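In my numbering, the protein residues as written are 2 to 259.
Backbone N, C-alpha and C fix where the C-beta goes; we use that ideal spot for every residue, glycine too.
Just so it is clear, the structure is predicted and the values come from calculations on it, not from any experiment.
Data first, discussion second: the structure below is written as structure tokens.
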Ligand SMILES: NC(=O)c1ccc[n+]([C@@H]2O[C@H](COP(=O)([O-])OP(=O)(O)OC[C@H]3O[C@@H](n4cnc5c(N)ncnc54)[C@H](O)[C@@H]3O)[C@@H](O)[C@H]2O)c1
């Protein structure tokens with residue numbers, strides 16, 4: 002498969018390696034600042050034109066929270082299957098869904114493409130469903146990442162929080178700021194730490210007066226993320242009855258189809 006990469010930073014370079022490991026060809030890399038990208042531009046029209054011209058059959062976008070929406074809006078109309086890994090744009094999900102519906106294009110996004118994290122998500126949902134029946138347990142979330150991360154809290158931790166709240170109706174409000182007062186029982190606290198080179202750690206604490214149960218996912222490196230994103234693009238661009246998939250998908254859909 003011919004693949005274009007938008008954003009040729011740390012993840013972009015790992016994606017290029019993961020793509021070639023899986024037998025794909027990277028035909029275009031676009032980045033306004035990376036001198037080793039094949040197209041050095043921050044102009045979204047020039048980016049989309051270069052990708053169409055390259056003959057790419059799929060695009061993977063890992064750029065920056067400030068550029069991702071403009072990139073999505075320029076790429077969706079091309080109809081080329083698009084996988085987006087950049088986080089920090091979830092507030093605009095509805096407008097992106099409308100754009101994807103308008104163009105009938107294949108679009109997949111995830112705040113975390115790692116296979117292990119996606120298994121962790123499922124474990125968290127199952128655990129929260131179980132713990133919802135035991136009112137003596139409170140629940141809270143913690144995440145830590147390297148000090149170069151642009152957004153906080155991590156997109157992954159927000160997904161974990163959504164899963165906990167979906168299964169535990171007594172938690173109705175997510176609090177991501179530090180508490181300067183006592184938490185209300187319905188508040189779910191998500192705390193973030195930024196330090197050194199941590200690739201990403203996410204913990205869910207279920208706590209009662211008698212004990213604590215912790216579920217933790219610790220990433221060792223980011224290779225699994227790149228490989229997962231390439232696998233996601235393979236899934237997204239696999240044709241159903243000779244036709245491309247249409248609509249907005251997530252890693253959930255990839256896992257549900259396994
Ligand atoms: N969903 C996931 O699984 C996952 C995993 C890792 C990182 N991320 C996210 O992916 C993004 C990139 O991560 P990274 O570690 O590669 O960062 P990075 O800073 O190493 O690379 C980002 C690259 O994007 C480029 N860029 C900036 N503006 C751009 C634009 N308009 N068009 C194209 N490229 C542009 C930068 O020049 C840089 O080279 C971050 O938002 C990060 O949070 C998501």
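Which whole-angstrom value is the C-beta distance of residue i and residue j, which I expect to be below 8 Å?
{"i": "residue 108", "j": "residue 250", "result": "7 Å"}
{"i": "residue 57", "j": "residue 28", "result": "5 Å"}
Near residue i, what residues of its chain come up, given a Cβ to Cβ distance below 6 Å and the 5 sequence neighbours on each side ignored?
{"i": "residue 173", "result": "187"}
{"i": "residue 30", "result": "6, 9, 38 and 39"}
{"i": "residue 1", "result": "The first residue shown for the chain is 2 and the last is 259, placing residue 1 beyond what the model contains."}
{"i": "residue 53", "result": "79"}
{"i": "residue 141", "result": "190 and 206"}
{"i": "residue 112", "result": "88, 156, 157 and 160"}
{"i": "residue 119", "result": "252 and 256"}
{"i": "residue 20", "result": "4, 27 and 231"}
Give the straight-line distance between the Cα atoms of residue i and residue j, rounded to the nearest whole angstrom.
{"i": "residue 22", "j": "residue 16", "result": "10 Å"}
{"i": "residue 213", "j": "residue 110", "result": "33 Å"}
{"i": "residue 121", "j": "residue 128", "result": "10 Å"}
{"i": "residue 156", "j": "residue 191", "result": "12 Å"}
{"i": "residue 247", "j": "residue 76", "result": "14 Å"}
{"i": "residue 198", "j": "residue 152", "result": "15 Å"}
{"i": "residue 166", "j": "residue 232", "result": "29 Å"}
{"i": "residue 182", "j": "residue 176", "result": "12 Å"}
{"i": "residue 126", "j": "residue 194", "result": "23 Å"}
{"i": "residue 204", "j": "residue 143", "result": "5 Å"}
{"i": "residue 46", "j": "residue 68", "result": "13 Å"}
{"i": "residue 237", "j": "residue 171", "result": "36 Å"}
{"i": "residue 41", "j": "residue 18", "result": "20 Å"}
{"i": "residue 159", "j": "residue 92", "result": "12 Å"}
{"i": "residue 94", "j": "residue 139", "result": "30 Å"}
{"i": "residue 200", "j": "residue 147", "result": "6 Å"}
{"i": "residue 241", "j": "residue 55", "result": "24 Å"}
{"i": "residue 33", "j": "residue 44", "result": "8 Å"}
{"i": "residue 209", "j": "residue 137", "result": "6 Å"}
{"i": "residue 245", "j": "residue 164", "result": "29 Å"}
{"i": "residue 35", "j": "residue 90", "result": "23 Å"}
{"i": "residue 24", "j": "residue 223", "result": "20 Å"}
{"i": "residue 211", "j": "residue 225", "result": "37 Å"}
Among the candidates the options, whose CA atom is the shortest distance from the CA of residue i?
{"i": "residue 229", "options": "61, 115, 95 and 191", "result": "115"}
{"i": "residue 11", "options": "63, 199 and 193", "result": "63"}
{"i": "residue 227", "options": "36, 47, 49 and 61", "result": "61"}
{"i": "residue 124", "options": "140, 216 and 18", "result": "216"}
{"i": "residue 26", "options": "45, 185, 3 and 36", "result": "3"}
{"i": "residue 65", "options": "13, 57, 46 and 232", "result": "13"}
{"i": "residue 97", "options": "224, 113 and 72", "result": "72"}
{"i": "residue 221", "options": "117, 95, 56 and 112", "result": "117"}
{"i": "residue 82", "options": "243, 235, 242 and 241", "result": "235"}
{"i": "residue 258", "options": "244, 243 and 239", "result": "239"}
{"i": "residue 154", "options": "179, 134 and 136", "result": "179"}
{"i": "residue 150", "options": "184, 162, 135 and 196", "result": "196"}
{"i": "residue 135", "options": "168, 162 and 104", "result": "168"}
{"i": "residue 59", "options": "70, 34, 99 and 106", "result": "106"}
Near residue i, which residues of its chain fall below 8 Å by C-beta distance, leaving aside the five closest residues on each side in sequence?
{"i": "residue 49", "result": "75, 76, 78 and 79"}
{"i": "residue 104", "result": "77, 78 and 80"}
{"i": "residue 185", "result": "174"}
Can you find the residues in the same chain that come closer than 7 Å, C-beta to C-beta, to residue i, ignoring five residues on each side of it along the sequence?
{"i": "residue 162", "result": "142, 175, 189 and 191"}
{"i": "residue 51", "result": "29, 31 and 40"}
| request: Please confirm if the stretch 124 to 143 is in contact with the stretch 83 to 96, defined as three or more CB-CB distances below 8 Å between the two stretches. | output: no
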